[in-house]
Amino acid sequence: MSSAVLRTVVGLALAFAATVSAVPAAHAEDGSRIVSARSTGVQEESLVVYAASMKREVPLTVLLPKDTAKPRPVLYLLNGVGGGERVKTADGTKGSSWGDYTTYRKFFRDKNVYVVTPMSGRFSYYTDWREPDPQLGIQKWQTFLTEELPPLIDQHYGTARRNAIAGLSMGGTSVFNLAIANHRLYRSVAAFSGCARTSDPIGQQYVKLTINDNARNRRAEKMWGPVGGPGWLANDPYVQAPRLRGIKIYMTTGSGLPGENDTLERQDVKNGGPHWLADQILSGGVIEAAVNLCTQQMAQRLSSIGIPYRLTVRPTGTHAWSYWQQDLYNTWPALARDLATS
């Protein structure tokens, strides 16, 4: 091998090493493990984790703390119905994540917290499905997020082992069920426009619409069994609310009426054009009005059993990313206090 070729090979190896960090032996007894960790920006890494429960690799985005000199807590931040996945549309490939529609990277850059977001899980409700789906595969998100992933994150980053979880829309329902499933894992939960009722008639329809259920794919039954049955009651935060006692709870919702972010001047709306805005106001307004009802009912339920919570109801606002960005930023100071960080 010539010296020139050798220098080229060494240079490529060093460049690769600069972008892909050495992954320590972070693994679980069940076979779950971190496959790779790659720097993707300022204080940001892309992880690939093998989830033994789902027999596949799951991509995640991790925002790193401002100061990693000592252990820091973790905020698990869930996406909505799209799961953060990129899909092909008539207008090209589009994402569905916090990174695609908000400035959360900039917001957390001076915060001392790890922000961990799975970039997969569309239509899943981040729950354990009873049956695999031909399109979605094995869905064991509750097992992955509450049992397999946290020990790997703690070991890989040397965290402070203090956690909170937040999510929007579909993820805003999931955060309750995940906290109920592993009560000791999270100090607090934050639900942004998440419908906390799933087993009543309105909740059932909301869930079925969210996961694109129909007579052919029977997704709702594959997820929790016969609609309205024990599986649905077990995954209804409203019904299981007593099991949230001891966890700090934050909920936000709009009224469904057009608000300050429902204009063509908003960058996210401007990119989509008038049709996007019309859909945000019409469809997003109806969805948010339904979510508002669910959220108010959840608040009444918590009050009736003496569990404290913080509810923020905006007089306007549709089911849109710009409002969830505001919700996250406004809720962060409370989450930071719960996590004992800045």
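The number in my numbering is simply the position in the sequence shown, starting from 1, with 1264 added. Built from N, CA and C at the ideal position, the CB exists for glycine as well.
When DSSP labels each residue in this structure, what does GLU1529 get in the three-state scheme?
coil
Spatial neighbours of TYR1502 in its chain, beta-carbon cut-off 7 Å, leaving aside the 5 residues before and after:
ALA1460, ARG1461, GLN1561, MET1562, ARG1565
Which residues does DSSP list as the beta-bridge partners of ARG1574?
TYR1514
Does DSSP classify HIS1291 as helix, strand or coil?
strand
Using a 10 Å radius around the Cβ and a threshold of 16 neighbouring Cβ atoms, would you call SER1547 buried or exposed?
When all chains shown are included, SER1547 counts as exposed.
Take GLU1524 and list the residues in its own chain whose beta-carbon comes closer than 6 Å to its own, dropping the five residues that flank it on each side.
none
Determine the contact status of PHE1456 and LEU1432, defining contact as a CB-CB distance below 8 Å.
yes
Do LEU1328 and VAL1380 have their CB atoms nearer than 8 Å?
No, these two residues do not count as a Cβ contact at 8 Å.
Excluding five sequence neighbours on each side, which residues of the same chain lie with their C-beta closer than 7 Å to the C-beta of HIS1291?
Exclusion of the five residues before and after HIS1291 leaves ARG1297 as the residues of its chain whose Cβ lies within less than 7 Å of its Cβ.
Kindly indicate which three-state DSSP category PRO1382 falls into: helix, strand or coil?
In this structure, DSSP gives PRO1382 an extended state, which the three-state scheme calls strand.
Helix, strand or coil for LYS1404? Go by DSSP, reduced to three states.
strand
Rounded to whole angstroms, how far is the Cβ of TYR1389 from the Cβ of THR1437, which I believe are closer than 8 Å?
7 Å
Same chain only: Cβ atoms within 7 Å of SER1317, ignoring 5 sequence neighbours per side:
LYS1404, THR1407, PHE1408, GLU1412
Three or more beta-carbon pairs under 8 Å between the segment 1339–1348 and the segment 1409–1428, yes or no?
yes
Are there three or more Cβ pairs, one per stretch, closer than 8 Å when the segment 1550–1559 is compared with the segment 1513–1529?
yes
Exposed or buried, what is THR1559 when buried is set at 16 or more other beta-carbons lying within 10 Å of its beta-carbon?
buried
Nearest-angstrom Cα distance between SER1300 and ALA1315?
13 Å
What is the DSSP secondary structure of ILE1569, reduced to helix, strand or coil?
coil
Could you tell me the alpha carbon to alpha carbon distance between SER1488 and ASN1446, rounded to whole angstroms?
Reading off the sequence, residue 1488 comes out as Trp, not Ser. If I take the Cα positions, the gap works out to 18 Å.
Answer yes or no: do ARG1426 and ARG1451 have a C-beta to C-beta separation smaller than 8 Å?
It is a contact, given that the beta carbons lie within the stated cut-off.
Mark ASP1294 as exposed unless 16 or more other C-beta atoms lie within 10 angstroms of its C-beta, in which case mark it buried.
exposed
Straight-line CA distance for VAL1491 to ARG1482?
10 Å
On the criterion of 16 or more Cβ atoms from any shown chain inside 10 Å, does HIS1583 qualify as buried, or is it exposed?
It counts as buried.
Same chain only: Cβ atoms within 8 Å of ALA1443, ignoring 5 sequence neighbours per side:
Its chain contains ILE1429, LEU1449, TYR1450, VAL1453, LEU1508, ILE1511 as the residues whose beta carbon lies nearer than 8 Å to that of ALA1443, once the 5 sequence neighbours on both sides are disregarded; these appear in chain order.
Rank LYS1370, VAL1306, ALA1600, THR1516 by C-alpha distance to the C-alpha of PRO1579 and give the top, closest one.
THR1516
Verify whether the separation of the beta carbon atoms of GLN1589 and THR1367 is less than 8 Å.
yes
For PRO1398, which residues does DSSP report across the bridge?
In the DSSP output, where bridge partners are listed per residue, PRO1398 has none listed.
Burial state of GLY1570, where buried means 16 or more other Cβ atoms lie within 10 Å:
That one is exposed.
Below 8 Å between beta carbons: does that hold for GLY1458 and GLY1422?
no
Straight-line Cα distance separating LYS1358 from ARG1369
Near 18 Å, if we compare the C-alpha coordinates of LYS1358 and ARG1369.
Run of the alpha helix (DSSP H) containing ASN1594, from where it starts to where it stops:
1585–1603
Suppose the cutoff is 6 Å on Cβ atoms and the five residues either side in sequence are ignored; what does the same chain contact list for GLY1467 look like?
Only residues of its own chain outside the window of five on either side were considered, and among them ARG1461 have a CB closer than 6 Å to the CB of GLY1467, listed in chain order.
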